[in-house]
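Take any residue in the sequence shown, count from 1 to its spot, add 1: that is its number in our numbering.
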Amino acid sequence: NFQKGKLHLASLYYNRALRYLDNRNRKEEDSKQTNALEVACHLNLAQVYLRTEEWQAAIASCNKAFWIEPDNVKGLFRRARALCALRFYEESQSDLKKLIGMGENGSEIRALMEEVVKGRVEMARSEGVSMRAVLRQIEKEENKELTEPVKS
2 NFQKGKLHLA SLYYNRALRY LDNRNRKEED SKQTNALEVA CHLNLAQVYL RTEEWQAAIA
62 SCNKAFWIEP DNVKGLFRRA RALCALRFYE ESQSDLKKLI GMGENGSEIR ALMEEVVKGR
122 VEMARSEGVS MRAVLRQIEK EENKELTEPV KS
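Here you go:
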């Protein structure tokens, strides 16, 4: 269903699978396999949420996968994409730097890093412009106070 674009249905199936895995009595011998299935379900859900632009849900799904597998490459990349979409550029860049530090340097990672850097630059510019506007307003108010006659 995921491949066919039926994202809502895929989401239902992944959530159902996670509930099933969560309710099972885990035995030592199948713990690794169960963990791998849980990580896959969480990351597939994250991908569904990215496609439907549910950024917070995508981040939450990645974070759940990290409880089981903290340095999961797909999870770090998907969370970085969601963070970037929410304009949390520093956090997104942190995940991307972690990926690069792990030896991952594919074209998608480089492209997202470029997007993050551009976003940070634009945000800094807009904050700088806003700050100048605020400072100008304060300066005008101060000048007005200095030029007005003192009332006694």
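Even glycine gets a Cβ: it sits at the ideal position worked out from N, Cα and C.
Three-way DSSP call (helix, strand, coil) for residue i in this model
| i | result |
| --- | --- |
| Lys141 | helix |
| Thr53 | coil |
| Phe78 | helix |
| Arg88 | coil |
| Asn45 | helix |
| Lys98 | helix |
| Asn106 | coil |
| Glu1 | The structure shown does not extend to residue 1, since the chain spans only 2 to 153, so no value can be given for it. |
| Lys7 | coil |
Spatial neighbours of residue i in its chain, beta-carbon cut-off 7 angstroms, leaving aside the 5 residues before and after
| i | result |
| --- | --- |
| Leu77 | Asp96, Lys99, Leu100 |
| Asn36 | Ile69 |
| Lys141 | none |
| Tyr50 | Ala58, Ala59, Ser62 |
| Val40 | Ala66, Ile69, Glu70, Asn73 |
| Leu22 | Thr35, Leu38, Glu39 |
| Ser153 | Note that Ser153 scores 48 on pLDDT, short of 50, meaning its location in the model is unreliable; the coordinates nonetheless yield the value given after this. Cβ neighbours of Ser153 beyond the five flanking positions: none. |
Residue i versus residue j - alpha carbon distance
| i | j | result |
| --- | --- | --- |
| Val135 | Ser32 | Residue confidence is low: Val135 scores 47 on pLDDT, short of 50, so the model does not pin down where it sits. Its coordinate-derived value is still stated next. Distance between the alpha carbons of Val135 and Ser32 is about 57 angstroms. |
| Arg80 | Tyr14 | 21 angstroms |
| Ser12 | Leu84 | 20 angstroms |
| Asn45 | Ser108 | 21 angstroms |
| Ala112 | Gly104 | 16 angstroms |
| Glu115 | Arg20 | 38 angstroms |
| Thr53 | Lys7 | 11 angstroms |
| Ser127 | Asn16 | 40 angstroms |
| Asn144 | Arg82 | 46 angstroms |
| Ile110 | Gly102 | 12 angstroms |
| Gly129 | Asn106 | 32 angstroms |
C-beta neighbour in chain C for residue i, strict 8 angstroms
| i | result |
| --- | --- |
| Arg111 | In the displayed structure, chain C is absent; only one protein chain is listed. |
Other residues of its chain near residue i: CB distance less than 8 angstroms, five sequence neighbours each side excluded
| i | result |
| --- | --- |
| Glu91 | Arg121 |
| Met124 | Arg88, Tyr90 |
Distance between beta carbons of residue j and residue i, contact taken as under 8 angstroms
| i | j | result |
| --- | --- | --- |
| Val117 | Ser93 | 5 angstroms |
Sequence-distant residues of the same chain with beta carbon closer than 6 angstroms to residue i, five excluded per side
| i | result |
| --- | --- |
| Ala47 | Ala59, Ser62, Cys63, Arg79 |
| Ala18 | Cys42 |
| Ala86 | Trp56 |
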